[in-house]
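Read through the structure below, which is laid out as structure tokens, and then see the notes.
Set out below in structure tokens:
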């Protein structure tokens, strides 16, 4: 897991060939299937039209989904290494290998509701994702297992929205991973189109996000920002999604202002 082959410490990109702290064979088969699926790929492109083209909001398309899915799986791996309990699949009588499948599917489909509208999109995502899951899950599960996996995926999708409380660790991972896509690349499209809202400007201030094993908690998220505008991303978005996720005690967040060329209003934030 890394940004590149030479940066393993970043732990931000899921690699099927790497060693993981969980059984990954089924996950890798599911990932191969969904990343080549025409309907899913079309949704991921179409869902950006309302968000970016019509509302000049941050990217919610294919790149956002790729980042969220990678970070969700990296978060999951670090949490498994820290012996954090995942109750979603377990309480449904599913196997440990299904935990990562639930996370990957929820990360992939959590924003499809944007094709209907940006506002309340989490609720629109549920029926659309449900139809997709009805087609995908029988490729890997029997009827009873499909029903249970589907329920867990839909719960995680709904709870990425701050109005709903995650009841499973899997759902908590999706909620936090969604907020971890905050680097300046996410705001490139609306910024180039003239968007200058706080979401766009604060994303421009975030230069790098890394996930790694923590010393006092299973996960440490380190955020490098170039000016104080990045505080909005850290405090109003990431902190807000971490609160209520069920993972507050498992994830430590450190944000550092790396701009040495001007007076720094904010140098370091720890959550």
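Numbering (the working numbering), first residue to last: 2 to 272. Idealized CB from N, CA, C, for every residue including glycine. If you're wondering where the values come from, they're calculated on a predicted model, not measured in any experiment.
**OP:** Report the option in 40, 221, 53 and 101 whose CA atom is closest to the CA atom of residue 137.
**Re:** Of the candidates 40, 221, 53 and 101, the one whose C-alpha sits nearest the C-alpha of residue 137 is 40.
Subject >> Same chain, Cβ closer than 6 Å to residue 20, neighbours up to 5 away in sequence not counted >> reply: Residues of the same chain with a CB within less than 6 Å of the CB of residue 20, apart from the 5 flanking positions on each side, do not exist.
Subject >> C-beta contact flag for residue 147 and residue 139 at 7 Å >> reply: Result yes, Cβ atoms of residue 147 and residue 139 sit closer than 7 Å.
Subject >> Delimiting residues of the beta strand (DSSP E) encompassing residue 258 >> reply: Per DSSP, residue 258 is one residue of the beta strand (DSSP E) stretching across 252-258.
Subject >> Cutoff 7 Å; reference residue 45; Cβ partners in own chain excluding five residues on either side >> reply: In the same chain as residue 45, and ignoring 5 residues on each side of it, the C-beta atoms closer than 7 Å to its own belong to 62, 63 and 66, in chain order.
**OP:** May I ask which residues mark the beginning and end of the beta strand (DSSP E) holding residue 146?
**Re:** Not the beta strand (DSSP E): residue 146 falls in the alpha helix (DSSP H), residues 144-159.
Original post:
Nearest-angstrom Cα distance between residue 27 and residue 16?
Top reply: Roughly 14 Å between the two C-alpha positions.
Original post:
How big is the Cα-Cα spacing for residue 178 and residue 142?
Top reply: Rounded to whole angstroms, the separation of the alpha carbons of residue 142 and residue 178 is 26 Å.
**OP:** Would you mind reading off the limits of the beta strand (DSSP E) that contains residue 43?
**Re:** Element bounds for residue 43: not the beta strand (DSSP E) but the alpha helix (DSSP H), 39-49.
Original post:
When the distance is taken between beta carbons, is residue 70 closer than 7 Å to residue 108?
Top reply: The beta carbons of residue 108 and residue 70 sit closer together than 7 Å.
**OP:** For the stretch 111-123 and the stretch 76-84, state whether three or more C-beta atom pairs, one from each stretch, are separated by less than 8 Å.
**Re:** The answer is no - the stretch 76-84 does not touch the stretch 111-123, with fewer than three Cβ pairs under 8 Å.
Original post:
Taking all protein chains shown into account, do 16 or more other C-beta atoms lie within 10 angstroms of the C-beta of residue 244, making it buried, or fewer, making it exposed?
Top reply: Per the 10 Å Cβ criterion, exposed.
Subject >> Whether residue 82 touches residue 104 by CB criterion (7 Å) >> reply: No, they are not a contact pair.
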